[in-house]
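These notes are about the structure you will find just below.
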Amino acid sequence: MSVAEAGDRITVVPRKRRNVEMLLVIFASALSLAAYVQVDLNVQGETPTNLVTVAITAFLLPLLAQAAIRWRAPYADPVILPCATLLNGLGLAMIHRIDLINDPPSNGAGQQLLWTGLGIALLIVVITVVRDHRPLQGYTYTLGLVGLLLLLLPLVPGISSGDLGGARIWIHLGPLSFQPAEVAKVLLAIAFASYLVEKRDVLALAGWRVLGIDLPRARDLGPILLVWIATLLVLVFQNDLGTSLLFFALFVTMLYVSTQRPGWAVIGIVLFAAGAVFGYYTRGHVRVRVAAWLHPFDIEQGYQLIQAQFGLAWGGLLGRGLGEGRPGLTPLARSDFIATSLGEELGMAGLFAIILIYGLIVSRGLRTALACREPFGKLLAAGLSFSFALQVFLIIGGVTRLLPLTGLTTPFMSQGGSSLIANWVVMGLLLIISHQVRRPMATVRDLDPGGQLVFERPGRVADSELTQAIGRPGTGGSDDDQPTQIQVRGGRA
Amino acid sequence: MNKPIRRVAILVMALFALLFANGTYLMVFQQSSLNANPLNRRARDEDFAQNRGSILAGDTPIAYSKPSGDRFKYQRVYPHGRIYAPVTGFFSYDHATTGLENSYNTQLAGTDDSLFVRRMVDLVTNQPPQGASIQTTINPDVQKAAYDALGNQKGAAVAIDPKTGAVLAMVSKPSFDPNKIASHDVEAANKAYTQTVNDTGNPMSNRAAREIYPPGSTFKLVTAAAALQDQGLNPDSLVDSPNRLLLPNTSTYLYNENHMSCGGARITLTHALDVSCNTAFAQLGLKVGADNLREEATKFGFGSRHLSDVGGAASVFPDEVDQAQLALSSIGQYDVAASPLQMAMVSAAIANDGVLMDPYLVSTVRSPDLQVLSRTKPKELDRPLSADNAAKLKQMMVSVVQNGTGTAARIPGIGVGGKTGTAQSDPKRKPYAWFTALAPAGDPQIAVAVFVEDADIPREDIAGGALAAPVAKAMIEAAVKR
Numbered sequence: 004m005s006v007a008e009a010g011d012r013i014t015v016v017p018r019k020r021r022n023v024e025m026l027l028v029i030f031a032s033a034l035s036l037a038a039y040v041q042v043d044l045n046v047q048g049e050t051p052t053n054l055v056t057v058a059i060t061a062f063l064l065p066l067l068a069q070a071a072i073r074w075r076a077p078y079a080d081p082v083i084l085p086c087a088t089l090l091n092g093l094g095l096a097m098i099h100r101i102d103l104i105n106d107p108p109s110n111g112a113g114q115q116l117l118w119t120g121l122g123i124a125l126l127i128v129v130i131t132v133v134r135d136h137r138p139l140q141g142y143t144y145t146l147g148l149v150g151l152l153l154l155l156l157p158l159v160p161g162i163s164s165g166d167l168g169g170a171r172i173w174i175h176l177g178p179l180s181f182q183p184a185e186v187a188k189v190l191l192a193i194a195f196a197s198y199l200v201e202k203r204d205v206l207a208l209a210g211w212r213v214l215g216i217d218l219p220r221a222r223d224l225g226p227i228l229l230v231w232i233a234t235l236l237v238l239v240f241q242n243d244l245g246t247s248l249l250f251f252a253l254f255v256t257m258l259y260v261s262t263q264r265p266g267w268a269v270i271g272i273v274l275f276a277a278g279a280v281f282g283y284y285t286r287g288h289v290r291v292r293v294a295a296w297l298h299p300f301d302i303e304q305g306y307q308l309i310q311a312q313f314g315l316a317w318g319g320l321l322g323r324g325l326g327e328g329r330p331g332l333t334p335l336a337r338s339d340f341i342a343t344s345l346g347e348e349l350g351m352a353g354l355f356a357i358i359l360i361y362g363l364i365v366s367r368g369l370r371t372a373l374a375c376r377e378p379f380g381k382l383l384a385a386g387l388s389f390s391f392a393l394q395v396f397l398i399i400g401g402v403t404r405l406l407p408l409t410g411l412t413t414p415f416m417s418q419g420g421s422s423l424i425a426n427w428v429v430m431g432l433l434l435i436i437s438h439q440v441r442r443p444m445a446t447v448r449d450l451d452p453g454g455q456l457v458f459e460r461p462g463r464v465a466d467s468e469l470t471q472a473i474g475r476p477g478t479g480g481s482d483d484d485q486p487t488q489i490q491v492r493g494g495r496a
Numbered sequence: 050m051n052k053p054i055r056r057v058a059i060l061v062m063a064l065f066a067l068l069f070a071n072g073t074y075l076m077v078f079q080q081s082s083l084n085a086n087p088l089n090r091r092a093r094d095e096d097f098a099q100n101r102g103s104i105l106a107g108d109t110p111i112a113y114s115k116p117s118g119d120r121f122k123y124q125r126v127y128p129h130g131r132i133y134a135p136v137t138g139f140f141s142y143d144h145a146t147t148g149l150e151n152s153y154n155t156q157l158a159g160t161d162d163s164l165f166v167r168r169m170v171d172l173v174t175n176q177p178p179q180g181a182s183i184q185t186t187i188n189p190d191v192q193k194a195a196y197d198a199l200g201n202q203k204g205a206a207v208a209i210d211p212k213t214g215a216v217l218a219m220v221s222k223p224s225f226d227p228n229k230i231a232s233h234d235v236e237a238a239n240k241a242y243t244q245t246v247n248d249t250g251n252p253m254s255n256r257a258a259r260e261i262y263p264p265g266s267t268f269k270l271v272t273a274a275a276a277l278q279d280q281g282l283n284p285d286s287l288v289d290s291p292n293r294l295l296l297p298n299t300s301t302y303l304y305n306e307n308h309m310s311c312g313g314a315r316i317t318l319t320h321a322l323d324v325s326c327n328t329a330f331a332q333l334g335l336k337v338g339a340d341n342l343r344e345e346a347t348k349f350g351f352g353s354r355h356l357s358d359v360g361g362a363a364s365v366f367p368d369e370v371d372q373a374q375l376a377l378s379s380i381g382q383y384d385v386a387a388s389p390l391q392m393a394m395v396s397a398a399i400a401n402d403g404v405l406m407d408p409y410l411v412s413t414v415r416s417p418d419l420q421v422l423s424r425t426k427p428k429e430l431d432r433p434l435s436a437d438n439a440a441k442l443k444q445m446m447v448s449v450v451q452n453g454t455g456t457a458a459r460i461p462g463i464g465v466g467g468k469t470g471t472a473q474s475d476p477k478r479k480p481y482a483w484f485t486a487l488a489p490a491g492d493p494q495i496a497v498a499v500f501v502e503d504a505d506i507p508r509e510d511i512a513g514g515a516l517a518a519p520v521a522k523a524m525i526e527a528a529v530k531r
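So the sequences go chain by chain: G and L.
When you line the first sequence up against our numbering, it's residues 4 to 496, in that order.
When you line the second sequence up against our numbering, it's residues 50 to 531, in that order.
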């Protein structure tokens, strides 16, 4: 914490904590590397032959990202990058472990490492080139349209990969296959946020009041119905309950956050319930998923769930040890079921630790949203964090039989490039928002001793919270756990 | 907008809490049942790859594990597998386990709680874990004698030490080779299993303890015991022995074997047993009454399961009988059914001064370092007859072998007591041949029951004395040192 002073001018400077971040990143890399080496020691009985290359990559990639943050977003949240590094690294070690089951070993980890490199490169691009999230607000409809197109892309004949495990959520371009919904998630989150910031005043107008809840006016239901229909299309034509739920929940949550009206949440839940019932009765795939969830032993489709359960039970509390379990018995052990593969070898305790790291990322994202002083960043950070959390909940809940299984990816861990780079971009966005939030801000007095407010954000109506945050000296507007100290010299407080 | 964001944060916390709760539930409540699920290949493969302890008969292993060098590491081996199959059972990959392999699985595998300290020591010293060994009560000589003497006949033989209840032999024929079913070549093992299961001779059924059959005239020992206990009769007491007996409330007559006379209208109880007089024992049964006879049978062990470690079946004396059925039940027909083990227990109780000992198959469980983990203490089960009456009945059995139907079991120098049986409850199949015995009469060391289900000889020649008694004789000779 430092407070730079120059006469009566006061600038509040939150701690950057870049060195802490670097140490945490090194720790995360070391942990991942250790996991990788342990896999080889336990399965092959020797250290990996490419140890030096792997070690250099393991430290170099995240440290490059760290350097980019240090350079262009020095006030960004210091915990996000280490968490993402650890999750990505453990995922790589686990994919490598599954690789070794095959004889000769497959090279899933190598591919995943390429995608990791690409993801971190995109993170660096977001941090160094985009730098500020606010200009993204100008592309509401472009991003929204592209996002929707990507979402529906797997239905296009020719590039569709057809039904994989019942769901059509993949496309293939040449040798690459891709899950466009992952990228669509980021684009649509941005589009939703800017759209809602623009329209929220209208959407917040009350219509009828039912059971103490203000419902919106009927004429304002358009957007939510549109998104609802889009997600139903996803459900009906792509057979993917998870993606459909994720997008709809994302939109409804952002709608609720922007308008502060619980009525929207109620309508969203009702619409979702209707959609889910519709899906259950019209889509055999959804019914099968539910049946496999409720009675996994009775139907053939319950096999993979049962194997995953066996794996977790077999792993017990502390796990078999990396390379000592038999995750290969579970189908899709490196993609959909990587969480149970990890649970089998690192134990339920290890899986809980991983869930906690996800929770840490979510909490930093939501904290950023709380601290943010302008509605777009607030909404975007909240939406991205919530969808990240929901995805973790749906997939880990799915593989541990808390919920019916959905085809979502486990962020940063399951094999698949689209998900990996999309999540690195999400981290990039959260980092730059947090940078904007935490970077030194001037007090009202600094900006305009005469008393007239000046906003950084051009051309918008004043946000009431923004006014509050800036207008009251001493609150600082930041919610960071390191309270910002403000010293005022000259007795003008 | 902070209020909704805080609410979203609470929702996220709730979702994550659900994940944790579910994971905890899985660990606390579901883990053991999931690991015990037969579909769980992880648990099954590990079990199958364990260095299991041995099963011993005397000093010789009848089941042990040897390093195999394939993916399951240890191969289960059954020396003389066919002889001991009803005792050991088998240890298979796809078809679970049976016999002692099943009932002592946790001890053999080394996963039992009693082996916890041992497991920890192995863990610390980096030794591969090893299972405990099981010492059976089987006497290899008696077992082998019974197996050989039964030859190709379908049947079973059981021997018990009357003083303790220790099972000295348990043979069932035809038998199967557990080695084939325990093979690491899973496909070959499955084939062997299917073949054994579909074999018309039912080699997998343990006829010695798990199947019950009409005991025929061997049941007259129970009726005689009831008569001695309840009617105050003596071996010399005269009983009615008509050539034929009208079954009460029917028009059916009960005859003696081959419609012969028992040697007079009134004969002594001893003589009635010697010649296995049907009419005499049917009348005795009617005199004793259904309730008393059932009570006596229950005291001998009917109606409860014995040798639960090999899944022993309970023998049956019918719950409801009318007078005619009682008369038939008294001579071991109608719905009376007993396992060979049960009939050995009848002789054993008579041999042991009227005290019935609980039969057992495993004497000690030893950890890999030979420390005794558990030892079976002989346990008294019941007293079906007084020591006095037991001595009288024993003497009557000796007379059967000396003067009656059981002469085939005579052994010079050893006082053998016995009782034959031929059960002909179903005219369509061949009768069952039975023989139960005790020896030596002065200080009994062994009680035997032999049962031949389907001997491959003409129907007329079947009689307990001719078929089953020589097997009992071979077993007694193997057991009693002269």
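Note that CB positions come from ideal geometry on N, CA and C, so glycine has one too.
Just so it is clear, the structure is predicted and the values come from calculations on it, not from any experiment.
DSSP bridge partner residues for residue i (one or two, in chain order)
i: residue 23/L; result: In the structure as shown, chain L begins at 50 and stops at 531. Residue 23/L is therefore absent and cannot be evaluated.
i: residue 317/L; result: 287/L
i: residue 221/L; result: 205/L
i: residue 466/L; result: 487/L
i: residue 429/L; result: 406/L
i: residue 114/L; result: 125/L
From the options, residue whose alpha carbon lies closest to that of residue i
i: residue 93/G; options: 42/G, 155/G, 432/G and 314/G; result: 42/G
i: residue 361/G; options: 310/G, 329/G and 413/G; result: 413/G
i: residue 332/L; options: 58/L, 342/L and 289/L; result: 289/L
i: residue 397/G; options: 55/L, 67/L and 54/L; result: 67/L
i: residue 285/L; options: 215/L, 191/L, 177/L and 315/L; result: 315/L
i: residue 499/L; options: 487/L, 490/L and 518/L; result: 518/L
i: residue 277/G; options: 251/G, 294/G and 87/G; result: 251/G
i: residue 365/L; options: 87/L, 458/L, 395/L and 347/L; result: 347/L
i: residue 311/G; options: 402/G, 230/G, 274/G and 18/G; result: 402/G
i: residue 322/G; options: 345/G, 145/G and 331/G; result: 345/G
i: residue 383/G; options: 153/G, 102/G, 434/G and 336/G; result: 434/G
i: residue 328/L; options: 422/L, 249/L and 291/L; result: 291/L
i: residue 21/G; options: 75/G, 54/G, 50/G and 60/G; result: 75/G
Partner residues on chain L for residue i, Cβ-Cβ distance less than 9 Å
i: residue 259/G; result: 53, 56 and 57
i: residue 381/G; result: 50, 51 and 54
Beta-carbon neighbours of residue i, restricted to chain G and to distances below 9 Å
i: residue 61/L; result: 362, 365, 366, 369, 388, 389, 392, 393 and 396
Amino acids of chain L, ordered along the chain, whose beta-carbon sits closer than 7 Å to that of residue i
i: residue 354/G; result: 72
i: residue 378/G; result: 50
Chain-ordered chain G contacts of residue i [CB-CB under 8 Å]
i: residue 69/L; result: 355 and 358
i: residue 99/L; result: Going along chain G, no residue has its Cβ under 8 Å from residue 99/L, so there is no contact; the nearest lies around 15 Å.
Interface partners of residue i on chain G, CB under 7 Å
i: residue 80/L; result: 316 and 319
Chain L residues whose Cβ lies nearer than 8 Å to that of residue i
i: residue 430/G; result: Those do not exist, as residue 430/G stays about 17 Å from chain L at its closest Cβ, beyond 8 Å.
i: residue 50/G; result: Here the premise fails: no neighbours, minimum Cβ distance about 20 Å.
Within the chosen definition, does the segment 386–394 of chain G reach the segment 184–196 of chain G through at least 3 CB pairs nearer than 8 Å? yes
Looking at chain G, which residues of the segment 223–254 of chain L have a Cβ within less than 9 Å of any of its Cβ atoms? none
Determine, using beta-carbon pairs with one atom in the segment 58–69 of chain G and one in the segment 25–32 of chain G, whether at least three such pairs fall under 8 Å. yes
Interface residues of the segment 172–196 of chain L facing chain G [CB-CB below 8 Å]: none
Three Cβ pairs or more, each shorter than 8 Å: is that satisfied between the segment 102–119 of chain L and the segment 203–215 of chain L? no
Interfacial residues, the segment 325–337 of chain G to chain L, with Cβ spacing under 8 Å: 328, 329 and 332
Three or more beta-carbon pairs under 8 Å between the segment 265–285 of chain G and the segment 222–238 of chain G, yes or no? yes
Going along the chain, which residues of the segment 401–412 of chain G sit with their C-beta nearer than 7 Å to a C-beta in chain L? 403 and 405
Does the count of Cβ pairs from the segment 265–278 of chain L and the segment 334–343 of chain L closer than 8 Å reach three? yes
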